[in-house]
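Chemist: The opening position of the sequence shown corresponds to residue 568 in my numbering, with each subsequent residue numbered one higher.
Just so you know, even glycine gets a beta-carbon here, dropped at the ideal spot from N, CA and C.
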Amino acid sequence: MLSTCAGVALDAVFGESKGWHPLVAFGRMAERIEQRFNPAGAGWRSHGVTAWCLAVLPLTLLVWLLSLISGLGWMVEIIALYAALGLKSLGEHALPVAQALRLGDLRLARERVGYMVSRNTAELDAAGVARAGTESVLENGSDAVFAALFWFVIAGAPGVVLYRLSNTLDAMWGYRNARFERFGWAAAKIDDVLNYLPARLVALTYALLGRTTLALRCWRTQAPLWDSPNAGPVMAAGAGALGVSLGGAAEYHGELHVRPDLGAGPQPKARDIERALNLVNGGVLLWLVLLLLWGVFYA
C-alpha cells in the first residue's frame, strides 16, 4: 500500500519525464524488433508472438529479479509504478484543449487534441474537439492509470511492467491494417486479456462517481456495439456518468469510421473534458482509499 501511494505521489509531483523516459527507449527497441520480424508487413502471427516475448519477457524478468534484492526491492517497486503511470501527463495534455476551447481558439484546440488522439483533427468543430478530448481522457484513464494500478496491486513491479510494456506494444503493433493484421495479432489479444478485468472495474468506478443509473444502462446496452471489448465498457460507462453523447463518426488515417453512439445527453463542451479528468482523479482517490481500508482490516 505504501509503495502504491508513493508511486502515485511521484507521478502527481513530477509527472512524465521531459527528457529520457524508459517507455520511449522501449518503443525504439520495439521498432527494431518489428523491423526484424515483420519486414514489409510479411510477418505471421508466430513472428508476432516471438517478437512480443523478446520485447516484454526479459525486461519483466529483470524487474522481478531486482525487486527481490533486499533493501532495493521497495525502490524498484515505486519506480516501476511511477514510470508506468500517466495521470499527470493526462491532465497536461487534456487541460490545454479545454482552455483553447474556452478561449474560442479552435485552431489551437485542434492542434492540442491532435496530440491525444490518432484521428484526423484538422476539420473538427468545437464539439468534435471536445468529444475527442473527452473520449481520450476516459480511455487513457483506464489504460495509463487504472490498469497500471490494478496490475501493480496484483503482481507488484513485474506485474505493472508486464502490463505497461504489453499496452505499449498494442499501441504500436495492434492495428488492423496490411502491415500489422497478422504480426500485431498477439500484441492486441494479450492487451485485451490484461485489460479485461481492469476495464470493467474502471467502468464501475466511473458509474459510481457519476450518473450511476445512466452509466450502468449505457454500459449494458451500448458497450457490446463497440469494436473493442474493453474500450466499450469504459467509454459507454464514462459517457453515461458524465451525461454527454460520445462516439459517432471519426476519420482515422484517411478512412471514415462510423462508430456507435455512446452515452446520452448533449454534445460535450470544454468543461466536459475537465469533468472527465475529474472522474479519473476521483477514481484514483477512491481506489487508494479502498486499498487503505483493505490494508487496515485484512493485512
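Between the region 631 to 645 and the region 717 to 730, are three or more C-beta pairs nearer than 8 Å?
Modeler: Yes, since at least three Cβ pairs between the region 631 to 645 and the region 717 to 730 fall closer than 8 Å, the two stretches touch.
Chemist: Between the alpha carbons of LEU781 and LEU670, how many angstroms are there, rounded?
Modeler: Within the sequence shown, residue 781 is the residue found at index 214, counting from 1. Within the sequence shown, residue 670 is the residue found at index 103, counting from 1. Going from the Cα of LEU781 to the Cα of LEU670 covers about 31 Å.
Chemist: Which word fits LYS836, buried or exposed, when buried means at least 16 other C-beta atoms lie within 10 angstroms of its C-beta?
Modeler: Here the question's residue 836 lines up with position 269 in the sequence shown. Answer is buried; the Cβ neighbour count reaches 16.
Chemist: Do TYR649 and LEU577 come within 8 Å of each other at the CB atom, strictly closer than that value?
Modeler: Here residue 577 corresponds to residue number 10 of the sequence shown, with the count starting at 1. Here residue 649 corresponds to residue number 82 of the sequence shown, with the count starting at 1. Contact: yes.
Chemist: Three or more beta-carbon pairs under 8 Å between the region 765 to 775 and the region 679 to 691, yes or no?
Modeler: Not touching, per the Cβ criterion.
Chemist: What are the residues that DSSP puts in a beta bridge with ARG686?
Modeler: Mapped onto the sequence shown, residue 686 falls at position 119. Beta-bridge pairing links ARG686 to TYR819.
Chemist: Can you tell me whether GLY814 is helix, strand or coil according to DSSP?
Modeler: Taking the sequence shown and counting its residues from 1, one reaches residue 814 at position 247. GLY814 falls in the strand class under three-state DSSP.
Chemist: Quick one: which unbroken alpha helix (DSSP H) runs of 4-plus residues sit fully inside the region 656 to 705? Chain order, please.
Modeler: The qualifying runs are 673 to 681.
Chemist: Note down the Cα distance separating GLY814 from GLN602, rounded to an integer number of angstroms.
Modeler: Start at 1 with the first residue of the sequence shown, and residue 814 comes out as number 247. Start at 1 with the first residue of the sequence shown, and residue 602 comes out as number 35. Using only the alpha carbons, I get a separation of about 34 Å.
Chemist: If I follow the unbroken alpha helix (DSSP H) through ASN762, where does it start and stop?
Modeler: Position 195 of the sequence shown holds residue 762. Element bounds for ASN762: 752 to 776.
Chemist: I'd like the list of long-range same chain contacts for TYR763, defined as Cβ closer than 8 Å, with 5 residues on each side in sequence excluded.
Modeler: Within the sequence shown, residue 763 is the residue found at index 196, counting from 1. These residues qualify, in order along the chain: PRO796 and ASN797.
Chemist: Which residues mark the beginning and the end of the alpha helix (DSSP H) in which SER584 is found?
Modeler: Locating residue 584 in the sequence shown gives position 17, where the first residue counts as 1. Element bounds for SER584: n/a, residue is neither H nor E.
Chemist: Please confirm if ILE636 has its CB atom under 8 Å from at least one CB of chain C.
Modeler: The displayed structure is made up of one protein chain only, and chain C is not part of it.
Chemist: Taking Cβ to Cβ, would you say ALA803 is nearer than 8 Å to LEU829?
Modeler: Stepping through the sequence shown from its first residue, residue 803 is reached at position 236. Stepping through the sequence shown from its first residue, residue 829 is reached at position 262. Going by C-beta atoms, ALA803 is nearer than 8 Å to LEU829.
Chemist: Give the C-beta separation of VAL801 and GLU706 to the nearest angstrom, bearing in mind that I take them to be a contact with Cβ-Cβ under 8 Å.
Modeler: Here residue 801 refers to the residue found at position 234 when the sequence shown is read from its first residue. Here residue 706 refers to the residue found at position 139 when the sequence shown is read from its first residue. With a Cβ gap of about 6 Å, VAL801 and GLU706 count as contacting.
Chemist: Among all the DSSP beta bridges, which residues are the ones paired with ASP828?
Modeler: One-based indexing of the sequence shown puts residue 828 at position 261. Bridge partners of ASP828: GLY814.
Chemist: Determine contact between the region 733 to 749 and the region 591 to 609, defined as no fewer than three beta-carbon pairs at a distance below 8 Å.
Modeler: Flag = yes, the region 733 to 749 and the region 591 to 609 touch.
Chemist: Alpha carbon to alpha carbon, what distance is there between ILE721 and VAL591?
Modeler: Within the sequence shown, residue 591 is the residue found at index 24, counting from 1. Within the sequence shown, residue 721 is the residue found at index 154, counting from 1. In a straight line, the C-alpha of VAL591 is about 25 Å away from that of ILE721.
Chemist: In terms of residues, what are the limits of the alpha helix (DSSP H) holding ARG731?
Modeler: For the purposes of this step, residue 731 is taken as the residue at position 164 of the sequence shown. Here the alpha helix (DSSP H) through ARG731 covers 714 to 740.
Chemist: Of the residues ARG746, GLY751, TYR773 and ALA693, which one's Cα is nearest the Cα of ASN734?
Modeler: Sequence index remark: in the sequence shown, residue 734 carries index 167 (1-based). When only C-alpha atoms are compared, the closest one is GLY751.
Chemist: Compute the beta-carbon to beta-carbon distance between GLU892 and ALA665, rounded to the nearest angstrom, for a pair I have assumed lies under 8 Å.
Modeler: Not covered by the structure: residue 892. The range shown for the chain is 568 to 866.
Chemist: Would you please state the rounded distance, in angstroms, between the beta carbons of VAL616 and ALA753? I believe it to be under 8 Å.
Modeler: Position 49 of the sequence shown, counting from 1, holds the residue named residue 616. Position 186 of the sequence shown, counting from 1, holds the residue named residue 753. Rounded, the Cβ-Cβ distance is 5 Å, consistent with contact.
Chemist: Would you kindly work out how many angstroms separate the C-alpha atoms of LYS655 and THR772, rounded to a whole number?
Modeler: Translated into the one-based positions of the sequence shown, residue 655 becomes position 88. Translated into the one-based positions of the sequence shown, residue 772 becomes position 205. For LYS655 and THR772, the distance between alpha carbons rounds to 19 Å.
Chemist: Give every residue of the same chain whose Cβ lies closer than 6 Å to the Cβ of GLY805, excluding the five residues on either side of it in the sequence, and list them in chain order.
Modeler: Start at 1 with the first residue of the sequence shown, and residue 805 comes out as number 238. Excluding residues within five positions, the ones whose Cβ falls inside 6 Å are LEU705 and TYR773.
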